[in-house]
Structures are given as C-alpha cells and as structure tokens.
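Q:
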Amino acid sequence: MAKDLKSILESIHTHRESLHSVRELLLANALMIGEIPSPTGGEADRITFLSNRYTEDGLQNISIDQAGNGMAILPGKKGKKNILVCAHADTVFNKKVDHAMSVTADGIMGPGIGDNSLGLAAIVTLPEILRRLNINFDDNLILLGCTDSLGRGDLGGIRFFLKNNKLPIRAGISVEGIQLGRLSYAAVGMLRAEITVNVPSGYDWARFGASGAVAILTKVVQRITEIPIPMQPPTQMIFGSINGGTSFSTRPTSANLRFEIRSEKTGMVDELKEKIVDIVEEIGNSSETEITFSSVAERQPGGLEFGHPLVKSMRKILDTLDVKPRVEPSVGELSQLIETGIPSVTLGLTRGHNKNEFNESIDIRPIFGGLAQLIALLQSIDGGFCDE
Amino acid sequence: MSKKIDKWLESNTFHHGEFWDILKLVEEKEKKGLKISLCIPTLNEEKTIGKEIVIFKSELMERYPLIDEFAVIDSGSEDKTLEVASSFGADTYLAADILPEVGDKRGKGENLWKAIYQLKGDIIVYVDADIKNIHPRFVTGIVAPLINNDTIKYCKAFYDRPMAYSTGIRSSGGGRVTEILIRPLFSLFFPELTSLIQPLSGEFAVRRDVLERIPFPIGYGVETAHILDVYQEWGLEAFAQCDLDQRIHRNQSTNALGKMSFGILQTFLNRLKSYGMVDKLPELATFYRQFQAEGNRYEQLTREIVEYERPPMVTIPAYQEKFGIEE
Numbered sequence: 001m002a003k004d005l006k007s008i009l010e011s012i013h014t015h016r017e018s019l020h021s022v023r024e025l026l027l028a029n030a031l032m033i034g035e036i037p038s039p040t041g042g043e044a045d046r047i048t049f050l051s052n053r054y055t056e057d058g059l060q061n062i063s064i065d066q067a068g069n070g071m072a073i074l075p076g077k078k079g080k081k082n083i084l085v086c087a088h089a090d091t092v093f094n095k096k097v098d099h100a101m102s103v104t105a106d107g108i109m110g111p112g113i114g115d116n117s118l119g120l121a122a123i124v125t126l127p128e129i130l131r132r133l134n135i136n137f138d139d140n141l142i143l144l145g146c147t148d149s150l151g152r153g154d155l156g157g158i159r160f161f162l163k164n165n166k167l168p169i170r171a172g173i174s175v176e177g178i179q180l181g182r183l184s185y186a187a188v189g190m191l192r193a194e195i196t197v198n199v200p201s202g203y204d205w206a207r208f209g210a211s212g213a214v215a216i217l218t219k220v221v222q223r224i225t226e227i228p229i230p231m232q233p234p235t236q237m238i239f240g241s242i243n244g245g246t247s248f249s250t251r252p253t254s255a256n257l258r259f260e261i262r263s264e265k266t267g268m269v270d271e272l273k274e275k276i277v278d279i280v281e282e283i284g285n286s287s288e289t290e291i292t293f294s295s296v297a298e299r300q301p302g303g304l305e306f307g308h309p310l311v312k313s314m315r316k317i318l319d320t321l322d323v324k325p326r327v328e329p330s331v332g333e334l335s336q337l338i339e340t341g342i343p344s345v346t347l348g349l350t351r352g353h354n355k356n357e358f359n360e361s362i363d364i365r366p367i368f369g370g371l372a373q374l375i376a377l378l379q380s381i382d383g384g385f386c387d388e
Numbered sequence: 389m390s391k392k393i394d395k396w397l398e399s400n401t402f403h404h405g406e407f408w409d410i411l412k413l414v415e416e417k418e419k420k421g422l423k424i425s426l427c428i429p430t431l432n433e434e435k436t437i438g439k440e441i442v443i444f445k446s447e448l449m450e451r452y453p454l455i456d457e458f459a460v461i462d463s464g465s466e467d468k469t470l471e472v473a474s475s476f477g478a479d480t481y482l483a484a485d486i487l488p489e490v491g492d493k494r495g496k497g498e499n500l501w502k503a504i505y506q507l508k509g510d511i512i513v514y515v516d517a518d519i520k521n522i523h524p525r526f527v528t529g530i531v532a533p534l535i536n537n538d539t540i541k542y543c544k545a546f547y548d549r550p551m552a553y554s555t556g557i558r559s560s561g562g563g564r565v566t567e568i569l570i571r572p573l574f575s576l577f578f579p580e581l582t583s584l585i586q587p588l589s590g591e592f593a594v595r596r597d598v599l600e601r602i603p604f605p606i607g608y609g610v611e612t613a614h615i616l617d618v619y620q621e622w623g624l625e626a627f628a629q630c631d632l633d634q635r636i637h638r639n640q641s642t643n644a645l646g647k648m649s650f651g652i653l654q655t656f657l658n659r660l661k662s663y664g665m666v667d668k669l670p671e672l673a674t675f676y677r678q679f680q681a682e683g684n685r686y687e688q689l690t691r692e693i694v695e696y697e698r699p700p701m702v703t704i705p706a707y708q709e710k711f712g713i714e715e
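So the protein lines, in turn, are chains R and A.
Take 1 as the starting number for the first sequence in this note's numbering and just add one per residue.
Take 389 as the starting number for the second sequence in this note's numbering and just add one per residue.
1. Mind checking the region 116-127 of chain R against chain A and listing, in chain order, the residues whose C-beta falls within less than 9 Å of any C-beta there?
2. Within 10 Å of its beta-carbon, does R:E17 have 16 or more other beta-carbons around it, so buried, or fewer, so exposed?
3. Quick one: does A:S554 have its CB under 8 Å from some CB of chain R?
4. Give me the subset of the region 500-533 of chain A whose CB atoms are less than 8 Å from a CB atom of chain R, sorted by chain position.
5. Can we say the region 361-380 of chain R touches the region 6-23 of chain R, given the rule of at least three CB pairs closer than 8 Å?
6. Report the partner residues of A:H403 according to the DSSP bridge assignment.
7. Which of helix, strand or coil does DSSP assign to A:Y686?
8. Would R:M314 and R:L378 be called neighbours here (beta carbons separated by less than 8 Å)?
9. If you draw a straight line from the C-alpha of R:G119 to the C-alpha of R:I362, how long is it?
10. Could you list the residues in the region 88-104 of chain R with a C-beta less than 8 Å from some C-beta on chain A, going in chain order?
11. Between the C-alpha atoms of R:R131 and R:I113, what's the straight-line distance to the nearest angstrom?
12. For a contact meaning CB atoms closer than 7 Å, what does R:A28 contact in chain A?
13. Kindly indicate which three-state DSSP category A:A552 falls into: helix, strand or coil?
14. Taking the alpha-carbon positions, what's the A:G497 to R:N359 distance?
15. Output the residue ranges of the alpha helix (DSSP H) runs that lie fully inside the region 594-622 of chain A and measure 4 residues or longer, sorted by chain position.
16. Whole alpha helix (DSSP H) runs in the region 406-488 of chain A with 4 or more residues, listed along the chain?
17. Under 8 Å: do the region 422-437 of chain A and the region 390-399 of chain A share three or more Cβ pairs, one atom per stretch?
18. Leaving aside the five residues before and after A:N643 along the sequence, list all residues of the same chain whose C-beta is less than 8 Å from its C-beta, in chain order.
19. Quick test of the definition: if touching needs 3 or more C-beta pairs under 8 Å, does the region 296-303 of chain R touch the region 142-150 of chain R?
20. Establish whether the CB of A:I636 and some CB of chain R are separated by less than 8 Å.
21. Are the region 463-480 of chain A and the region 56-68 of chain R touching, with three or more C-beta to C-beta distances below 8 Å?
22. Identify whether A:R571 lies in helix, strand or coil by the three-state DSSP scheme.
23. What residues of chain A sit near R:E24, judged by a beta carbon separation below 7 Å?
24. Is it true that the CB of A:P603 sits closer than 8 Å to the CB of A:K544?
25. Which partner residues does R:R192 have in the DSSP bridge list?
26. Relative to the C-alpha of R:K95, which residue among R:I158, R:N82 and R:P111 is closest?
27. For R:P329 versus R:V188, is the C-beta spacing smaller than 8 Å?
28. Cβ closer than 7 Å: which chain A residues qualify as neighbours of R:L31?
29. Please state the DSSP three-state secondary structure of A:I367.
30. Could you spell out the range, first to last residue, of the beta strand (DSSP E) harbouring A:A517?
31. Apply the 10 Å Cβ neighbour rule to R:A206 and answer buried if 16 or more other Cβ atoms are within range, or exposed otherwise.
32. Within its chain, find whatever has a CB closer than 7 Å to the CB of R:F368; leave out the 5 residues flanking it on each side and keep chain order.
33. List the whole-angstrom C-beta distance separating R:D98 from R:P39, where the pair is believed to meet the contact cut-off of C-beta under 8 Å.
34. Between which two residues does the beta strand (DSSP E) holding R:L74 run?
35. With DSSP run on the structure shown, which of helix, strand or coil describes A:T539?
36. In terms of residues, what are the limits of the beta strand (DSSP E) holding R:G348?
Shown next as structure tokens:
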C-alpha cells in the first residue's frame, strides 16, 4: 500500500516507462478480443476468452454469471475491501462484420478496437502488469467484463451484477479504450427512445395532404427540433438513426427514428420526453397514421462532486501525465455504479479515431500513460486517498 | 495402398484443438531439450506482419516460452514491412545479407533456405506473413506433432475450405493449384503423397536434420520439392499434417496461379528426371484421390478415371465401307 498520494504521483512516470515491457501482451489481448465478434447480447465468446485468461493467470472466484458477465478476483493482501474494475464487452458491430484487426508501428485499426477491446484487454492484462511492476494491493480487485451494455442492452450486465453482488465495493473504475483524458464522475440524465411511423393498410393515399411514412417522420423530427433546449445545464438531443422506405418511388409505409436525449439538469429529460410524446400524438392524429413512441433506456442524473477525493486524485494523476482532463458525464456502467452509491469514475486509455466506424483505430504510444493512470488510481483508492 | 493411406490419415493427421495446452507442449519441448525457431518470410507484408509478430511474441514467447527465437527474413520489401516488424521487437534480416558469399536470389525459397543458416533451432517453423486471421494455432498446430513424436520430421498445415454441403460430410481439399495440378500429378506418380490435404500450404515445421539435407528451389516449387525429396528419403511416415481451421488471406488471380503452376511443374519434372523416372515411367495409375471430411475425420475418396482412347475413325471397317475408303 502506498504511503501517500505524492509518492503515487511520483511513480507514474517510472511506471509509464516500465509498462513498455507488457506491450505485446496487452496488444495481443486487444487484438484477440477485438477479433471475436461481440454484439450486444452475443458476448459469450468474448467472455469465455476473458474467463480463460483469468484461469491462466491463476485468479480466484472466476465465474460467468447468469447475465453472462465474466468476473474474477485478484486477491489483495488484506482482502477486507474490494475495488471494482469493469469494462463493457459488447460492441455496436454485428457478427457479420469483418472483425480482422490490422497493426502498424503506431496503431491498431479495426471495428471496436477502442470501444472497447482495449478496455477489456487492460482488465485481463492487469494481473500480469501488476506482477511485473511488483505492485500489491491490500484490497481485492474485482475484474468484470460486462455484457448487454450498449443500446437496447441498457446496461443489463452491470445492473445484474450490482443487484446480486454480495461483496462490499469500496470504489469502481469503468475502463474505456478511448479517449485518454476522459474523466467521468457523474451520470447524465438520459432517455434513449424510438419513434415508429406505420401507415395503416386502409390509408387513403388520394386524400389531400396524404404522405408516406418518411415524410411524416420528418415532420416529427422537425417539430422535436423546435423544442427549446437550455444551454445550461448542458442538454443534448442526438438523432442517431433514421430508417424507412425501399426505393425511389415506392411510398414508404413504415419509418423509424432512434434518438437520445441527455441532460445534466434534473427533470429536464422527463420534461422533454413529455413534449415529444405530445408531438407524436398530435401528428399521429392529424396524419391518420400510427405513430408509436417507445423508451429503450432511461437514466437519472447524479454523481460525485468535483471536489470528491476520487475525482481530485484523478485530476492530479492526469495533471502529472500532462493530459488535459475531458470532463464528460457518462451514460455507461458509471451511471449504475453511482446509482448504487459506489463512488466511481470512467477513464480512457489512449487516443482513438473514428469511434464505432469500421475504420476505428487507436494510437499505441499513449496507452502506457493510460495504464499508468489506471494503476495510480488503483493505488490511490487502495491507499485510502479517495475516501470521503 | 488405400489401407496404408487410411492408416496414415488416422495416425498422422491432427487438429490444432488437440494441442490447446501450450504449457504441456513447452514442458515436453524442454524435457527433450529441443530449441524451436520461427521464420516468417516476407515481401511487402506491412498490412499483416505487425499482428503476426505481436501475437506470436506475446503468446508463444512471453506467455508460454514455446518459441526460442523468431526472425523475419525479407526479400527486399518496398513498403514498411521491416519497420513494422522491428518496431515490435522482431529480429529482421534481409535475405541478401545472410550468407552473402553464396550470392542473392530473389524468391521465397531463398528466405526459407537462408533461415536454416541464420536460425539455431532444432525445429524450424515457417509461417507465411499474409495471414489475416493469425492465431497461435498457426504455430502450435504444426510444431506439436514434431515435439510429441520423434519419428515425424515434417508437418504441414492444412485448412478447412468447406464447400457448400448439406449433410455431415463435406468435400475437403487444397487450393486451386493443388486440386488442378498437384493432386492429379501425385495421383499419377506418387499416390501415397495424395494423403497430404494441402501440400502447398505455406505453414510447415521441419527438423533441422531434414532441412539441411534437402535442396531448395527458390521460387514457386519449394513446397513441392520438399515433399518429393522428403518422401524419397524418409517415406510417408516422416510426414504429419494438422488442420488449422480457417486461413484468411488475399486471393490470387488466375494469372498469378498460372505462373505458380508453371514453376511447380518445372520442379516436378526436374524431380522425375533426377529420380530416373522419366525414361522408366511407372504404370500410370487410374485412381484419382480426393478427400472428404466428417467432423475432424478425413478419408480419401478414390475415383477410377480411365482415359479410354478410340482409334482414328478411318481405321473402322464400317466407316471405310460407308465412305468407300480402301486400305
């Protein structure tokens, strides 16, 4: 256990240099994980890989739970408290996508490499990294690969784990491959929803003003964008995807919109949801079509204070690494950890590009700083410097 | 013949899944005091070489010390192959710089041959650099039979190339050149060698005492020459083969395969000449030998193909009579 935060911060640069010795181990794990397709709900093969690695490293309590999460414990010297280190195992890519990764001297490219193959690789390589750096903790580390995190998965894996977990968790770290400098310590209020327009079979295409599903859905989008949104606290509306129709001239009978609202203001998401539901009902009635609104996922805002010791430690660690913190609220695993009352942060390991595109890529060089950051944060928690 | 082939298929054909326990292989290797070297011959492979090196180094050197040394031997790449390879700590060599006194010939066979001089292992594993889905099995699958069985001297990889099939049985075979050129030639002249499902695969592991005693064509014929020479000297028993499942790599054009076939045919005919078989051709076999697979079990399919010939029509009496042709 480290004596004080100062000595932890002083060791960061040494650790960053030493971590070059695990480069191939970490990258090989990232490559092999990345080449296992893992769409939300289909993470079993990736979790099996994790589980095999846990076994090879001689970890304890290796298990795959009912939700498919892969867990193991790296026991601490005292083992009285537990620190959770988690990463989501799913990607936005379906199984048919070519998951082959390619490696250059400076980076790795391939679908999902940053989000979140590298994050998972860091978790499975962590026991070996700590062994090589001769770092031992008093606390147990719970290493967790989470399933059903993204989109419709709605954080199913971490929800299940937190609901059924019996171990007292002192603090949580959610590890993302990208971006280095990310510092999330608050959950943002969020609504993830779908609006679907269906033109009924008896629809009178000859009547005045008749239009297809795409045009009606466009009208809905236009009306939503007219809703005033406050600048402060930050509130965002993201129109993620729109689908409908089959050709140039065939009248579309169905169309679908997927969108997300995020707000740091308590109650703002509910307020916007109410307005959108009104718009949907109004346009549905006037157009004589069936328009449905369905909520896919919702989160409540909340989180740690900027001055919380955990957040303060993270800021000092990033400052030592000369990395500017990018404070952004999270809608990922962090929101569940915070809702459960576990002080937690989300961090990123390296720089990345084209997130969630087929040509997603990560830079190799900054990874060592990203890992040094993770180790320093674990030491800080273990040393009791992040407790309130 | 078929019995011998079936027996060999049963005893000397493996699936990489049998060797999942790398730690056990390392223990066996150490018990026998073997050193294993890995050679990756390259020419403009910047897109795939980095991944091969990272994965082999991590899994087969750092995690499990199965490979004692490995080297990239390059024919003079014009892209960043060597830069990428050395950035991940691989030993890289230009084939031209090894044994400079014997000169420099350009071709994959040259790199494989010079690797025998450069590397120190008792077993040398050769793996091509263009594999998109690289995995430790590409080494463990072909080196394990040599570690475990002292009589095996040469182990070839083969890959499942399933064609459309609706039952549990599927056709299995090599690439286009294997099926169109090599398998017919082996069926005619060296039927036992048809047991090798993919004789041209670029992944193989060989004992040094074999490698140092066989000549190396430097071009397309190197794999064919190896197989023929090892067979002549040590027989079918010296071979093994291992199923490595799928291998994803760039596809070659028919034009390129034509050139390859021409090189292989030259090597093959040269071998017939040196074995004294040109003047004394054996009785030509009429059985063509292919494979079918059921799960991980392979068996040969033999089909009798007799190329019966009709005489010139003019020699047929009825024809002569009809057209008033007199002998």
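Cβ atoms here follow ideal geometry from the backbone N, Cα and C, with glycine treated the same way.
A: Working from what's here:
1. Residues of the region 116-127 of chain R with a C-beta less than 9 Å from any C-beta of chain A: none at all.
2. exposed
3. Residue placement at A:S554 is poorly supported in this model, since its pLDDT is 47, which falls under 50; the coordinates are not used for a value here.
4. K520, N521 and H523
5. yes
6. Residue pairing by DSSP places A:H403 opposite A:D631 in a beta bridge.
7. strand
8. no
9. 11 Å
10. Within the region 88-104 of chain R, the residues whose Cβ lies closer than 8 Å to some Cβ of chain A are A100, M101, S102, V103 and T104, listed in chain order.
11. 25 Å
12. V442, I443, S446 and E447
13. Summary for A:A552: the model assigns pLDDT 39, below 50, so the residue's position carries little reliability; its value from the coordinates is reported in the next sentence. In the structure shown, A:A552 sits in coil (DSSP, three-state: anything other than H, G, I, E or B).
14. 35 Å
15. 596-599 and 610-622
16. Correct list: 410-420, 434-445 and 469-475.
17. no
18. Contacts found: none.
19. no
20. yes
21. no
22. Reduced to three states, the DSSP call for A:R571 is helix.
23. Within chain A, the C-beta atoms nearer than 7 Å to that of R:E24 come from V442, K445, S446, E450 and F476, in chain order.
24. no
25. Beta-bridge analysis with DSSP links R:R192 to R:E260 and R:A297.
26. R:P111
27. yes
28. K439, V442 and I443
29. Outside the displayed range of chain A (389 to 715) lies residue 367 of chain A, so it cannot be described from this structure.
30. Element bounds for A:A517: n/a, residue is neither H nor E.
31. exposed
32. R16, L19 and H20
33. Incorrect: roughly 14 Å between the Cβ atoms, too far for contact.
34. G70 to L74
35. coil
36. Membership of R:G348 in the beta strand (DSSP E) is indicated by the continuous run S344 to T350.
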